[in-house]
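Student:
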Amino acid sequence: MSDFSHLRKNLKKDYSKFTEIKVAVLGDSATQLLVTALKGQAYENQLNLDVFEADYDQIPLQINNSSSDFHAFQSDYALIFQSSQKLLSQFNKTEIGRRKYWAEIQVNQIKEYYDKIKSHSSKTRLIVFNLPIVNDSIFGNYSNKVEISFSFQLRKFNYLLSVLSVDLTDIHICDLASMQSNLGLEKFLNTSMYYNNSMVLSLDVLPIVAKNTLDIISAGEGKFKKCLILDLDNTMWGGVIGDDGVENIQIGSLGIGSAFSELQTWAKELNNRGIILAVCSKNTESIAKEPFETHPDMVLRLYDFAVFVANWENKADNIRYIQRVLNIGFDSMVFLDDNPFERNIVRENLPDVTVPELPEDPVEYLTYLRGQNLFETMSFSFEDKERTKKYQVEAKRVEIKEKHTDEESFLRSLEMKCAVANFTTFNIPRVAQLTQRSNQFNLRTKRYSEEEIQRIQKSENHIGLAFSLEDKFGDYGLISVVILEKRNHNELFIDTWLMSCRVLKRGVEKFVLSTIVEQANELDIKLISGEYIPTVKNDLVRNHFSDLEFKSHDFDLWSLNLNEFSDKQTFIQKQQNDERFN
Amino acid sequence: MNFPTNKHLFKNSKMTRDLIKVELDIVFRDVLDDDSISLSDSTVAEDIEEWDSINHIQLVVQIEKRYKIRFKAAEIQSWENIGEIIDSIIRKLE
């Protein structure tokens, strides 16, 4: 974690190659140092923040006034930073009879802010800081039983805010309450800064708050971790399996074995949430696998891993291999290893891989890792849980592919079936998630929140298409999303066309194009147009439109005249829509 | 460089004040990002362009960290010049 002066010095560095994000900061306390910390942390997250900072204590003023500078700024993210300290003085002015409803009124206020902000700028996402618990010691511990006490209402506020954010998916919460409970109020608040300068976060805490905020923003911009790569000896269990033997490694409920068990449980829970697990260990493969197969106290089992690499090669090369199999970016990988030498080799060769500097004592691993907030996300769908299975199936496909000498017989042998659906309540979370996380096969890289996808679903000018693919090995689930926009009755513009890289080279693009053409025919539209917006990551689809015989206009604008279109052969069968999803 | 906080080594002398001033130069140069800063007892905020109220907060925290001391809020507000900051530091260390 960077300290404040390090972040401040970042401000002098060159941000020009980073994506620019517009962030508005609205606070009820002085936020100048918070803004400095956010901008400095943005360098670490490779983002370039364009910040609008409202004057002190102007939250309602800026939001309620339609012609305010805040609304004119049209932020990508609006930060609402209220503080327990300021709210306490407001609470104390509330008449006793109404204190019972204080949290509800405050959360309602947030809801009103949200509606107001959205009505001016639908793209803006809110990041609301929840409230650290301050016990004003009017009731002592008894405050937990008294509805009109401040700490009771603070807890209720945090709970109701979370409930609100479940429905309004564009409200994100920066969990200041957890940060304070980890660090303690004394470290959190510098009282002299508070009384002299109206600032509620100490210089030591600002970098932590800034990092958590930027983690949320990064996740919103599609930068987040997808895979956890684990070393084994002295990382997943105590001891060296090759020397000590399976019966002597430390794992299970006794002594420090339980530290390793808890770490494994953590990895397992991440896996349940959709983080892919892989092993990268210097070991003989059969010996490395033995504990997973035979040791009764192991939490993780072989089926939890998408890729298992145990050999005596260089770990950087092994991680490159894992990357090829999984086909995800190095910047979405985290590598855990107790050995500083191995960590450095990976850092030097693969600087994009995140390599936490694990503490020396294994009992500290888990607390340390939890504090790093490595796996921030902006969405969760239950399909995430199935990811490991998909990658394991993919490994089988790779095997089969090597047996077939020609492409056509391979594709034919897969017996692919594709289902096409419009956007529905069932697929919207996953559709939004794909728009947020697809980087490579993504023509325009437009990120959409669930709410925006819902609007597109209801819009008369848009058609949303979601494609799911299965083959004889298994179900890929939702793999491609297309959003079409009707323009002037005679043109159908491809606003979004993205595809999961797991189904590259299966002919899905041709299948999707046929579906787009069908849609155009139904509307009696003769022209389909599209655009390629180059990014650092989507070079893969540079020739996408020319490959599909679109004609180029200027630069990256393309169009297809349906009078000249002929259907391409694919080996994908169209599946009748499942009734449940319509 | 660590300041001798051990009591019998500590004296409020010109040498002590000079030593603190040298250390404050380092803190100020770092926080205000200006290597040309050279403080004297009579230096005031108006003399140094970057020394505004926001940077002042960071200066105070850095000085507190360096000497492992804590200033009173009223004390911080009372300072008129560098000499008075040095007085405060010495009072805490005595």
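Line by line, the protein sequences give chains H and A.
Quick note, the first sequence lines up with residues 1 to 582 if you use my numbering.
Quick note, the second sequence lines up with residues 1001 to 1094 if you use my numbering.
Backbone N, C-alpha and C define an ideal beta-carbon position, used for all residues, glycine too.
#1: Below 8 Å between beta carbons is the criterion; list the residues of the stretch 1045-1066 of chain A that meet it against any residue of chain H, in chain order.
#2: For Leu203/H, return the contacting residues in chain A, with the cut-off set at a CB-CB distance below 7 Å.
#3: Which residue marks the beginning of the beta strand (DSSP E) containing Met193/H, and which one marks its end?
#4: Quick one: what's got a C-beta closer than 8 Å to Arg580/H's C-beta in the same chain, skipping five residues either side?
#5: Thinking C-alpha only, which one of Asp115/H, Ile133/H, Asp136/H and Val134/H is nearest Leu126/H?
#6: Across which residues does DSSP place Val481/H in a beta bridge pair?
#7: One question on the structure: do Glu450/H and Ile216/H come within less than 8 Å of each other, judged by their Cβ atoms?
#8: Excluding the five sequence neighbours on either side, which residues of its own chain have a C-beta within less than 8 Å of the C-beta of Thr94/H, listed in chain order?
#9: Counting only beta-carbon separations shorter than 8 Å, does Asn10/H have a partner in chain A?
#10: Report the three-state DSSP secondary structure of Asn561/H (helix, strand or coil).
#11: Helix, strand or coil: how does DSSP classify Arg506/H here?
#12: Is it the case that the Cβ atoms of Asp495/H and Lys446/H are separated by a distance below 8 Å?
#13: Suppose the cutoff is 6 Å on Cβ atoms and the five residues either side in sequence are ignored; what does the same chain contact list for Gln573/H look like?
#14: For Pro296/H and Glu247/H, what's the separation of their Cα atoms in angstroms?
#15: Three-state secondary structure (DSSP) at Leu159/H?
#16: Using 8 Å as the threshold, is the C-beta distance between Lys225/H and Ile275/H below it?
#17: Are any of the Cβ atoms in chain A nearer than 8 Å to that of Asn197/H?
#18: Use the C-beta contact count for Ser643/H: other C-beta atoms within 10 angstroms, 16 or more gives buried, fewer gives exposed.
#19: How big is the Cα-Cα spacing for Phe380/H and His404/H?
#20: May I have the straight-line CA-CA distance separating Leu87/H from Ser137/H, to the nearest angstrom?
#21: In three-state terms, what does DSSP make of His295/H?
#22: What is the DSSP secondary structure of Arg580/H, counted as helix, strand or coil?
#23: Does the beta carbon of Asp1030/A come closer than 8 Å to any beta carbon on chain H?
#24: Considering only residues of the stretch 347-427 of chain H, which uninterrupted beta strand (DSSP E) runs meet the minimum length of 3 residues and lie entirely inside it, listed in chain order?
#25: Quick check on this structure: which residue in Ile110/H, Phe150/H and Ser529/H has the alpha carbon closest to the alpha carbon of Ile63/H?
#26: For Lys17/H, which residues of its own chain have a beta-carbon under 6 Å away from its beta-carbon, when the five flanking residues on both sides are left out?
#27: Ala72/H: buried (16+ other C-beta within 10 angstroms of its C-beta) or exposed?
#28: For a cutoff of 8 Å on Cβ pairs, would you count Ser192/H as touching chain A?
#29: Less than 7 Å between C-beta atoms, sequence neighbours within five positions excluded: which residues of the same chain meet that for Thr19/H?
#30: Might you give, ordered along the chain, the residues of its own chain that have their beta carbon closer than 6 Å to the beta carbon of Ser2/H, omitting 5 neighbours on each side?
#31: Using the beta-carbon count (16 or more within 10 Å), is Leu564/H buried or exposed?
#32: What separation, rounded to the nearest whole angstrom, lies between the Cα atoms of Ser1013/A and Lys1021/A?
#33: By DSSP, does Arg447/H sit in helix, in strand, or in coil?
#34: By alpha-carbon positions, which one of Val325/H, Asn339/H, Phe305/H and Met378/H ends up nearest to Ile223/H?
#35: Going by the CB atoms, is the gap between Ile328/H and Cys280/H shorter than 8 Å?
#36: Relative to the C-alpha of Ile322/H, which residue among Trp266/H, Asn92/H and Val353/H is closest?
Tutor: According to the data block:
#1: Ser1053, Ile1054, Ile1057, Gln1058, Val1060, Val1061 and Gln1062
#2: For the purposes of this step, residue 203/H is taken as the residue at position 203 of the first sequence. The answer, in chain order, is Gln1058 and Val1061.
#3: To locate residue 193/H, count along the first sequence from 1; it is residue 193. It is not in any beta strand (DSSP E) - Met193/H instead sits in the alpha helix (DSSP H) that spans Thr191 to Asn197.
#4: Numbered from its first residue, the first sequence carries residue 580/H at position 580. Only weak support is given to the placement of Arg580/H: the predicted model assigns it a pLDDT of 39, under 50, and the question is left unresolved by the model.
#5: To locate residue 126/H, count along the first sequence from 1; it is residue 126. Nearest option by C-alpha distance: Asp115/H.
#6: Residue mapping note: residue 481/H aligns to position 481 of the first sequence, counting from 1. In the DSSP output, where bridge partners are listed per residue, Val481/H has Ala466/H and Leu498/H.
#7: Indexing the first sequence from 1 puts residue 450/H at position 450. Indexing the first sequence from 1 puts residue 216/H at position 216. Not closer than 8 Å, so no.
#8: Here the question's residue 94/H lines up with position 94 in the first sequence. Closer than 8 Å at Cβ, skipping near neighbours: Trp102.
#9: Position 10 of the first sequence, counted from the start, is the residue given in the question as residue 10/H. No, no contact with chain A.
#10: For the purposes of this step, residue 561/H is identified with residue 561 of the first sequence, where counting begins at 1. Strand, per DSSP.
#11: Here residue 506/H refers to the residue found at position 506 of the first sequence. Looking at Arg506/H - three-state DSSP - the assignment turns out to be coil, as it is neither helix nor strand.
#12: Along the first sequence, one-based indexing puts residue 495/H at 495. Along the first sequence, one-based indexing puts residue 446/H at 446. Their beta carbons are under 8 Å apart, which means Asp495/H touches Lys446/H by this criterion.
#13: Residue 573/H sits at position 573 when you count from the first residue of the first sequence. So the list reads Lys417, once near-sequence residues are dropped.
#14: By one-based count along the first sequence, residue 296/H stands at place 296. By one-based count along the first sequence, residue 247/H stands at place 247. Straight-line Cα distance between these residues: approximately 10 Å.
#15: By one-based count along the first sequence, residue 159/H stands at place 159. Checking the sequence shown, residue 159/H turns out to be Tyr, not Leu. Reduced to three states, the DSSP call for Tyr159/H is helix.
#16: For the purposes of this step, residue 225/H is taken as the residue at position 225 of the first sequence. For the purposes of this step, residue 275/H is taken as the residue at position 275 of the first sequence. Result yes, Cβ atoms of Lys225/H and Ile275/H sit closer than 8 Å.
#17: Sequence index remark: in the first sequence, residue 197/H carries index 197 (1-based). Flagged as an interface residue toward chain A: Asn197/H, by a C-beta distance shorter than 8 Å.
#18: A question about residue 643/H goes unanswered here, because the residues of chain H that appear run from 1 up to 582.
#19: In the first sequence, residue 380/H corresponds to position 380, counting from 1. In the first sequence, residue 404/H corresponds to position 404, counting from 1. Cα-Cα distance, rounded: 37 Å.
#20: Taking the first sequence and counting its residues from 1, one reaches residue 87/H at position 87. Taking the first sequence and counting its residues from 1, one reaches residue 137/H at position 137. Straight-line Cα distance between these residues: approximately 16 Å.
#21: Within the first sequence, the letter at position 295 stands for residue 295/H. It is coil, neither helix nor strand.
#22: Position 580 of the first sequence, counting from 1, holds the residue named residue 580/H. Note that Arg580/H scores a pLDDT of 39, beneath 50, so its modelled location is shaky and nothing firm can be said.
#23: Start at 1 with the first residue of the second sequence, and residue 1030/A comes out as number 30. It does: the Cβ of Asp1030/A has a partner Cβ on chain H nearer than 8 Å.
#24: 416-421
#25: Taking the first sequence and counting its residues from 1, one reaches residue 63/H at position 63. Looking at the Cα atoms, Ile110/H is the closest of the given residues.
#26: Looking up residue 17/H in the first sequence gives position 17. So the list is empty, once near-sequence residues are dropped.
#27: What you label residue 72/H is simply residue 72 of the first sequence in a count that begins at 1. Classification for Ala72/H: exposed.
#28: Locating residue 192/H in the first sequence gives position 192, where the first residue counts as 1. At least one CB atom of chain A sits nearer than 8 Å to the CB of Ser192/H.
#29: As a first step, residue 19/H must be located in the first sequence, where it is residue number 19. Only Leu47, Asn48 and Glu221 meet the Cβ criterion.
#30: Looking up residue 2/H in the first sequence gives position 2. Around Ser2/H: Pro207.
#31: One-based indexing of the first sequence puts residue 564/H at position 564. Inspection of the sequence shows that residue 564/H is occupied by Glu rather than by Leu. Flag for Glu564/H reads exposed.
#32: Taking the first residue of the second sequence as 1, we reach residue 1013/A at position 13. Taking the first residue of the second sequence as 1, we reach residue 1021/A at position 21. The alpha-carbon atoms of Ser1013/A and Lys1021/A are separated by roughly 12 Å.
#33: The residue labelled residue 447/H in the question sits at position 447 within the first sequence. Looking at Arg447/H - three-state DSSP - the assignment turns out to be coil, as it is neither helix nor strand.
#34: Walking along the first sequence from the start, residue 223/H turns up at place 223. Note that residue 223/H corresponds to Lys in the displayed sequence, not to Ile. Lys223/H has its Cα closest to that of Met378/H, out of Val325/H, Asn339/H, Phe305/H and Met378/H.
#35: Stepping through the first sequence from its first residue, residue 280/H is reached at position 280. Stepping through the first sequence from its first residue, residue 328/H is reached at position 328. Cβ atoms of Cys280/H and Ile328/H: not closer than 8 Å.
#36: As a first step, residue 322/H must be located in the first sequence, where it is residue number 322. Ile322/H has its Cα closest to that of Val353/H, out of Trp266/H, Asn92/H and Val353/H.
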